[in-house]
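Working notes, beginning with the structure itself.
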Amino acid sequence: MALAGPSHTTPPKQNQWTFVGEHDLEPGLFGGEPELKVSEKLKDRLCSPWKKTLVVRLLGRSISYAYLCSQLRWEWRQTGRLDILDLNDRTFLVTFHNDQDFLHALTGGPCTILDHYLVVHQWSPSFRTADKPHKSVVAWIQLPELPVHFYHREVLFALGNLIGRTVKLDYHTENMERGKFARIAVELDMTKPMATRIRLDGFWQPVLYENVPEICFECGRIGHTEESCSKKVCNVPNVSLTTKTHVLPIEGSSPSSESPVGYGPWM
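Letter 16 of the sequence shown, counting from 1, is numbered 16 in the working numbering, and no numbers are missing.
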């Protein structure tokens, strides 16, 4: 006999183990100690929610979690949801729910909070909280007066990889809407001197940098000033630095010359 009205039957519970396949987790021993092997398919599923996540490390004294959250939201001005997880007092995971917000935060250049520099890099499955802070920063470089026939996506990616690790091409560069310079976001190694030029098809191509903080005039590295430099390197190429709209003049030298001079206060 059927009864009229809404049903109050409790829906069956879903199997909580459907996420893990039959051979996704394999327990065993490694050198006599317990080990759990995880399949590549399961790792892909586990990592999927973290693909738009940045690791943020604070260099300097720690600040409160609430203050960091407010400052990051103000700095990045995201349009979508933003989740911030504190791992310890200097390391945070920031997960974005919007692709454009994620790329803007990753490639928008370095930022500081209370005069302390933030090291920001993309999360990866190999990340461990106990790891030493990344010595890298994502910044925009410019390749002024690059010959037009080199404005090709694969060529530009290869050029960026000579400077660091190419992260993104500027939209106008990729679509060749502006020909004054090519603009590429790269991950720079803070432990190495900044490249000032690259050799391309037989000629020297100057490299300009945008909004890179704390450049040492002594060794050309990022992350400290000349006063605190522990490496006295004099014979290094010349760096050309830019702001967002203007190239700083270089008096008496050219980054494309055959005999580059050392770094100096003109930076």
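Glycine included, every Cβ here is placed at the ideal spot set by N, Cα and C.
Inset, instruction - Specify, as a first and last residue, the run of the beta strand (DSSP E) that Trp74 falls within. - result: Within the sequence shown, the letter at position 74 stands for residue 74. Careful: Trp74 lies outside any beta strand (DSSP E), inside the alpha helix (DSSP H) at Tyr65 to Trp76.
Legend entry - Minimum length 3: unbroken beta strand (DSSP E) runs contained in the stretch 115-151: 116-122 and 136-144
Legend entry - 7 Å Cβ cutoff, Pro193 in contact with chain C: No chain C is part of this structure, which consists of one protein chain only.
Inset, instruction - Could you spell out where the beta strand (DSSP E) holding Ala185 opens and where it closes? - result: On the sequence shown, residue 185 is found 185 positions in, with the first residue counted as 1. That run of the beta strand (DSSP E) goes Phe181 to Asp189.
Inset, instruction - For Phe19, name the three-state secondary structure that DSSP assigns. - result: For the purposes of this step, residue 19 is identified with residue 19 of the sequence shown, where counting begins at 1. Here Phe19 sits in coil by DSSP.
Legend entry - Which residues DSSP lists as bridging Pro49, in chain order: In the sequence shown, counting from the first residue as 1, residue 49 sits at position 49. In the DSSP assignment, Pro49 is bridged to no other residue.
Legend entry - Own chain partners of Ile113 with C-beta closer than 6 Å, once the 5 adjacent residues on each side are dropped: The residue you call residue 113 lines up with position 113 of the sequence shown. Contacts found: Gln71.
Inset, instruction - Have a look at the DSSP bridge pairing and note the partners of Gln100. - result: Stepping through the sequence shown from its first residue, residue 100 is reached at position 100. Answer is none; Gln100 lacks a bridge partner.
Legend entry - Pick from Ala185, Ile163 and Leu169 that is closest to Ala195, judged by C-alpha positions: Here the question's residue 195 lines up with position 195 in the sequence shown. Here the closest residue by C-alpha is Ile163.
Inset, instruction - For Gln100, count neighbouring Cβ atoms within 10 angstroms of its own Cβ and tell me buried if that reaches 16, exposed if not. - result: Numbered from 1 along the sequence shown, position 100 holds the residue referred to as residue 100. Gln100 is exposed by the Cβ-count criterion.
Inset, instruction - Could you tell me whether the Cβ atoms of Arg183 and Gln122 are closer together than 7 Å? - result: If you number the sequence shown from 1, residue 183 lands on position 183. If you number the sequence shown from 1, residue 122 lands on position 122. At least 7 Å separates the beta-carbon of Arg183 from that of Gln122.
Inset, instruction - With DSSP as the reference, label Leu87 as helix, strand or coil. - result: Stepping through the sequence shown from its first residue, residue 87 is reached at position 87. Looking at Leu87 - three-state DSSP - the assignment turns out to be coil, as it is neither helix nor strand.
Inset, instruction - Measure the C-alpha to C-alpha separation of Thr91 and Asp83 and round it to an integer number of angstroms. - result: In the sequence shown, counting from the first residue as 1, residue 91 sits at position 91. In the sequence shown, counting from the first residue as 1, residue 83 sits at position 83. If I take the Cα positions, the gap works out to 14 Å.
Inset, instruction - Confirm, please, whether the CB-CB distance from Glu154 to Cys111 is below 7 Å. - result: As a first step, residue 111 is located in the sequence shown; it is residue number 111 there, counting from the start. As a first step, residue 154 is located in the sequence shown; it is residue number 154 there, counting from the start. No; because the gap between Cβ atoms is not below 7 Å, this pair is not in contact.
Inset, instruction - Could you tell me whether the Cβ atoms of Thr107 and Val167 are closer together than 7 Å? - result: Counted from its first residue, the sequence shown places residue 107 at position 107. Counted from its first residue, the sequence shown places residue 167 at position 167. Their beta carbons are under 7 Å apart, which means Thr107 touches Val167 by this criterion.
Legend entry - Beta-carbon proximity check, Val120 vs Val56, cutoff 7 Å: On the sequence shown, position 120 is the one that residue 120 refers to. On the sequence shown, position 56 is the one that residue 56 refers to. Yes, the pair counts as a contact, with Cβ atoms nearer than the cut-off.
Legend entry - Rounded separation between Glu210 and Ala130 - CA only: For the purposes of this step, residue 210 is taken as the residue at position 210 of the sequence shown. For the purposes of this step, residue 130 is taken as the residue at position 130 of the sequence shown. Cα to Cα, Glu210 sits roughly 31 Å from Ala130.
Legend entry - Gly28 in three-state terms, based on DSSP: The residue you call residue 28 lines up with position 28 of the sequence shown. Strand, per DSSP.
Legend entry - Closest by C-alpha distance to Pro34, when choosing among Arg128, Leu25 and Leu156: For the purposes of this step, residue 34 is taken as the residue at position 34 of the sequence shown. Looking at the Cα atoms, Leu25 is the closest of the given residues.
Legend entry - Residues near Ser48 in its chain [Cβ-Cβ closer than 8 Å; skip 5 each side]: Reading the sequence shown from its first residue, position 48 is the one you call residue 48. Closer than 8 Å at the Cβ level, and outside the excluded window around Ser48, lies no residue.
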